[in-house]
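Peer 1: If you read the sequences in order, they're chains A and B. The opening residue of the first sequence carries number 0 in numbering that gives the first Met the number 0; numbering runs sequentially from there. The opening residue of the second sequence carries number 0 in numbering that gives the first Met the number 0; numbering runs sequentially from there. Glycine included, every Cβ here is placed at the ideal spot set by N, Cα and C. Bear in mind that the values here come from a model prediction, so they are computed numbers and not experimental data.
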Amino acid sequence: MKFRLQNWLGVVIVFALPLKSVAGIQWVDVGVNGMTCSMCTRSVEMSISRLDFVDSVSMSLEETEGRVFLKSEAVIDFKKIAKAVVDAGFSVRFIRVGFNFDDVPVDQDGFFTWQNKSFQWLQFKSSVAEGDVALKLVDEYFLPRKENLEWKKKIGNTKAQANQNIFHVVQEF
Amino acid sequence: MNEPASSVPKGVIGVRAFTQSYKEVNTTRLLGAMRIMYGLTPKLSVMLTGSFSNHHDNKLPPDLITHSHNGNQTNYYTNNIKKGVDYPYLFNGIHLFAKYRALSFDGASKHFRMALYGEWSTVDVAHDEAEPNLMDDTGGYGGGAIATWLINRFAASLTYGFIKPNSYFETQPDFTGGPDLPTEIYYGDATKFNLSLGYRLSPKHYTDYNQANWNIYIELIGKKYDAARVIQNGTEIANQALALESGSYLEIHPGIQRIVKSNFRIECSAGFSLVGNSYVHFTPVWTIAVQRYFYRTKKSRS
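1) Near residue 96(B), which residues of its chain fall below 6 Å by C-beta distance, leaving aside the five closest residues on each side in sequence?
2) Which residue marks the beginning of the alpha helix (DSSP H) containing residue 87(A), and which one marks its end?
3) Could you tell me the boundaries of the alpha helix (DSSP H) in which residue 147(A) lies?
4) By a C-beta neighbour count over all protein chains shown, 10 Å radius and 16 as the cutoff for buried, is residue 201(B) buried or exposed?
5) Taking the continuous beta strand (DSSP E) assigned at residue 267(B), which residues delimit it?
6) Could you confirm whether any beta carbon from chain B is found closer than 7 Å to the beta carbon of residue 129(A)?
7) Please identify the residue among 46(A), 82(A), 118(A), 171(A) whose C-alpha is closest to the C-alpha of residue 165(A).
8) Does the Cβ of residue 120(A) lie closer than 6 Å to at least one heavy atom of the ligand SAH?
9) Would you please verify whether the beta carbon of residue 0(A) is less than 7 Å from any beta carbon of chain B?
10) Could one say the Cβ of residue 273(B) lies closer than 7 Å to chain A's Cβ atoms, at least one of them?
11) On a CA-only basis, which of 130(A), 59(A), 134(A) is nearest residue 208(B)? Give me that one, please.
12) Would residue 135(B) and residue 268(B) be called neighbours here (beta carbons separated by less than 7 Å)?
13) Between the stretch 143-157 of chain A and the stretch 44-60 of chain A, do at least 3 Cβ pairs fall closer than 8 Å?
14) Return the chain-ordered list of same chain residues with a C-beta closer than 6 Å to the C-beta of residue 32(B), the five sequence neighbours on each side being excluded.
15) In the DSSP output, what is residue 155(B) paired with across the bridge?
16) Quick one: residues in its chain with C-beta nearer than 6 Å to the C-beta of residue 290(B), no 5 flanking neighbours on either side, listed in chain order?
17) Give every residue of the same chain whose Cβ lies closer than 6 Å to the Cβ of residue 154(B), excluding the five residues on either side of it in the sequence, and list them in chain order.
18) Just the C-alpha distance for residue 302(B) and residue 242(B), rounded to the nearest angstrom, thanks.
19) Counting only the same chain and skipping the five closest in sequence on each side, list residues whose C-beta sits under 6 Å from that of residue 63(A).
20) Report all residues from its chain with a CB closer than 8 Å to the CB of residue 254(B); omit the five preceding and five following residues, and keep chain order.
21) From 93(A), 170(A), 27(A), pick the residue whose C-alpha is nearest to that of residue 109(A); which is it?
22) Decide yes or no for the touch test of the stretch 86-100 of chain B against the stretch 120-132 of chain B: beta carbon pairs closer than 8 Å, at least 3 of them.
23) For residue 92(A), tell me which candidate among 107(B), 94(B), 80(B) has the shortest Cα-Cα distance.
24) With a threshold of 7 Å between beta carbons, is residue 157(B) in contact with chain A?
25) One question on the structure: do residue 85(B) and residue 182(B) come within less than 7 Å of each other, judged by their Cβ atoms?
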């Protein structure tokens, strides 16, 4: 079989083109506390899978955490993810989102909006607000109680203290 | 057989079928049961169990109460209960169990939880021993607490509870040839405990749901119960039957559990007497159980 450059050129060009991610949440990782067996993990996976905005869930049994894949254009509800974990009989250790900030402006205090939801990026540094960033939600329901209380004290010193409809996030990596 | 403090996931239906059997003299006694479990809320689970067994006859032994003569005086007393008598298979009744997880301390791959439980039984069979068992021998109610500690591959669970059994009523033949006499047995109140220790032998590390899980466990089961009272025609009958006296025992039930595809549980255990003896069952007691959850897969509405 002869190697014909023109046959492969198209393939090479397609893979060489930079792929532009759609702005917003790319994935959601959920850490679950209290699980010690694969039956527990399956219960959590089945519970999260039932959410209407969830396309699929892939759990890491050993790490007791999972990645939630979302339906395109779907409106995500973080509290429902947390409730699904609790309904399965366990507790949320963390909820972390992969957020693409292309076309999503963040103001100097770390405020931004997406899907009509308001977020405040705590300990925000403007230099990192581009491309993909992993953010952890630190409000009630999304962390163990003790860790949430520590964040509550810190959030209490911010401008967003009075606004309960803001999701507070911190950069994970 | 020990229920952990953890609950059935909300909205999930579980089904458990199990048998318990033991050799009693020359006959084999067998209990078969089917349990439906449901997670009403994340913390509240209910379980409905129907059971059948060949543990009892349709009526109490006709010679349950015997008599002797001392001059002109007739003394009535309970006769010893014969063992190894063949009985038919009968439906025992319905047993309802509700468990509320009151405390949860969850961490990564570990938890400590406590639950309160209540149980209630419609069983109304001709049980002729003092020891109450709500699922298969006596009606009544009970309650208690469960504490469960899990860390990585090790699990420990302690249950402590009480049983307040109902009495059983029937009419017994009158020795003197008169009409049958109303006879009622009041079974002994009981306290019970179950300490269960388990360890996951395999897999050492999880990679996927299809790995077969092998767990070993040991259950220490203890019970203490009061004496039964037999009332015939309004008169308490003197008890001379060992099976109707108070008692206590401690048993050890080592077992093995296999979990298939992270859902289908198969358990097998053998129970041996350590201290004292139950008059209700002989040892070894063989228990075989299977269990699986049925998850809802339909998407929830937003």
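Peer 2: Let's see:
1) Taking the second sequence and counting its residues from 1, one reaches residue 96(B) at position 97. Counting only Cβ-Cβ distances below 6 Å, and skipping sequence neighbours, we find 46, 118.
2) On the first sequence, position 88 is the one that residue 87(A) refers to. If you look at residue 87(A), you'll find it isn't in any alpha helix (DSSP H); DSSP assigns it neither H nor E.
3) Reading the first sequence from its first residue, position 148 is the one you call residue 147(A). Start and end: 144-154.
4) The residue you call residue 201(B) lines up with position 202 of the second sequence. Label assigned to residue 201(B): exposed.
5) Numbered from 1 along the second sequence, position 268 holds the residue referred to as residue 267(B). That run of the beta strand (DSSP E) goes 263-274.
6) Taking the first sequence and counting its residues from 1, one reaches residue 129(A) at position 130. Interface flag for residue 129(A) against chain B is unset, since no Cβ pair is found closer than 7 Å.
7) Stepping through the first sequence from its first residue, residue 165(A) is reached at position 166. The shortest C-alpha separation from residue 165(A) is found at 118(A).
8) Ligands displayed in this structure: none; no statement on the ligand SAH is therefore possible.
9) The sequence position of residue 0(A) within the first sequence is 1, counting from 1. Caution applies to residue 0(A), whose pLDDT of 46 falls short of 50 and renders its modelled position unreliable; the model cannot decide the point.
10) Taking the second sequence and counting its residues from 1, one reaches residue 273(B) at position 274. It does not; no Cβ of chain A falls within 7 Å.
11) Indexing the second sequence from 1 puts residue 208(B) at position 209. Across the set 130(A), 59(A), 134(A), the C-alpha of 59(A) shows the shortest separation from the C-alpha of residue 208(B).
12) In the second sequence, the residue the question calls residue 135(B) occupies position 136. In the second sequence, the residue the question calls residue 268(B) occupies position 269. In this structure, residue 268(B) does not lie closer than 7 Å to residue 135(B) by Cβ.
13) no
14) Numbered from 1 along the second sequence, position 33 holds the residue referred to as residue 32(B). Only 17, 48, 50 meet the Cβ criterion.
15) Here residue 155(B) corresponds to residue number 156 of the second sequence, with the count starting at 1. Beta-bridge pairing links residue 155(B) to 148(B), 196(B).
16) For the purposes of this step, residue 290(B) is identified with residue 291 of the second sequence, where counting begins at 1. The residues are 15, 264.
17) Here residue 154(B) corresponds to residue number 155 of the second sequence, with the count starting at 1. Taken in chain order, the residues that qualify are 197.
18) Residue 302(B) cannot be examined here, being either before or after the span of chain B that is shown, 0 to 301.
19) On the first sequence, position 64 is the one that residue 63(A) refers to. If the five residues before and after residue 63(A) are omitted, its C-beta is found closer than 6 Å to the C-beta atoms of 31, 34, all from its own chain and listed in chain order.
20) Position 255 of the second sequence, counted from the first residue, corresponds to residue 254(B). Result list for residue 254(B): 215, 216, 217, 218, 266, 267, 268, 269, 286, in chain order.
21) As a working mapping, residue 109(A) is identified with position 110 in the first sequence. Of the listed residues, the one whose Cα sits closest to residue 109(A) is 170(A).
22) Flag = yes, the stretch 86-100 of chain B and the stretch 120-132 of chain B touch.
23) Position 93 of the first sequence, counted from the first residue, corresponds to residue 92(A). If we check each option's Cα against that of residue 92(A), 107(B) comes out closest.
24) As a first step, residue 157(B) must be located in the second sequence, where it is residue number 158. No - not a single Cβ of chain A is within 7 Å of the one on residue 157(B).
25) If you number the second sequence from 1, residue 85(B) lands on position 86. If you number the second sequence from 1, residue 182(B) lands on position 183. No, the pair does not count as a contact, with Cβ atoms beyond the cut-off.
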